[in-house]
Structures are given as structure tokens and as C-alpha cells.
Amino acid sequence: MNREDAMNQPIGYWARQVDQLFTARMDAAIAGHGITRLHWQVLNGLHADGPTARATIAAGLAPFADPARIEEVLADLAGLGWVAADETVAEVVALTGAGRAGRAAVYADVSALRERAMQGIDADEYTRTIGVLQRLAENLS
Numbered sequence: 507m508n509r510e511d512a513m514n515q516p517i518g519y520w521a522r523q524v525d526q527l528f529t530a531r532m533d534a535a536i537a538g539h540g541i542t543r544l545h546w547q548v549l550n551g552l553h554a555d556g557p558t559a560r561a562t563i564a565a566g567l568a569p570f571a572d573p574a575r576i577e578e579v580l581a582d583l584a585g586l587g588w589v590a591a592d593e594t595v596a597e598v599v600a601l602t603g604a605g606r607a608g609r610a611a612v613y614a615d616v617s618a619l620r621e622r623a624m625q626g627i628d629a630d631e632y633t634r635t636i637g638v639l640q641r642l643a644e645n646l647s
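Sequence positions in the sequence shown follow the working numbering and run 507 to 647.
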């Protein structure tokens, strides 16, 4: 696609294109760890937020997957020994020591992908782009 044709594409085209490409590249980059982008999103959320209710995780990731899929991801991560139910509240899950180590290993691959994605894009461009996308989402909410 030439530059003129690219500029004539609607924003939805580019938002979907970037999301699909990012998911495909991330899945490929972290496949060696036995996880996908959705697994990473759960891991990273637990890393940032600490122990979290399953329903809260599902609500936060609702744009990406339904609650049943989030439960499958949590089961996968539990199978790896990376997450476990809280000892006092079964509906709460947390990273295990192995999960923190696994997340750190995956983070290196995710960081390399983000660096590749950001080539030629400075911090101001990124900030402006995020601001525009946020306003679009607010306008459509």
C-alpha cells in the first residue's frame, strides 16, 4: 500500500491492523514460554496489582476475552505453577515465585518486541497517539 492509500484508510483499519500484528508477533515471541499475549496480559496485571479476584481480572480483560477464556488462561498459568489461588480467599489468584520468575523471563521478549514496534516513534508521538485514541474511545462510549 502506498503512502497516499495508507493515509486514506480509516482509523479503525489501523487500530485493528496494529492489534492483529502485535498479537501475532507477541504470540510468536513468547511461544517458547508456553504462553500467548492473553497469558502475558494476565501475568503482567498480577505483577502490577498483586493478588486479584478472578472476576476483576476477567472484567479488566473483557475487551480481549470472555470470562470463560480468562478462566482457561488462569488454569494454564496454574498448570505452569505460575499462579495459585490465595490460601484464604479461593476467588483470588496471585503470582507464585515461579510465576514471578517466568514473568521476568517473558518480559525480556516482550520488551524486545516493544522496542521493535517503537522504532522511529518518539515519546511525544506516542503520547499524542495514545491521547487521540483515548479521546476517540471516550467519544464513542
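For glycine and all other residues, C-beta sits at the position ideal for the given N, C-alpha and C.
All figures in this text were calculated on a predicted structure; none of them were measured in a lab.
Here the alpha carbon of V598 sits roughly 36 angstroms from the alpha carbon of A629. Here R509 is not near T529, since their CB atoms are 8 angstroms or more apart.
Here T633 is exposed. Its C-beta has fewer than 16 other C-beta atoms within 10 Å.
CA-CA distance, A521 to L639, rounds to 9 angstroms. Between V616 and L580, the C-beta spacing is not below 8 angstroms.
Here T558 carries a strand assignment [DSSP, helix/strand/coil]. DSSP places L601 in the uninterrupted beta strand (DSSP E) bounded by V598 to L601. Collapsing the DSSP output to three states places A564 in a helix.
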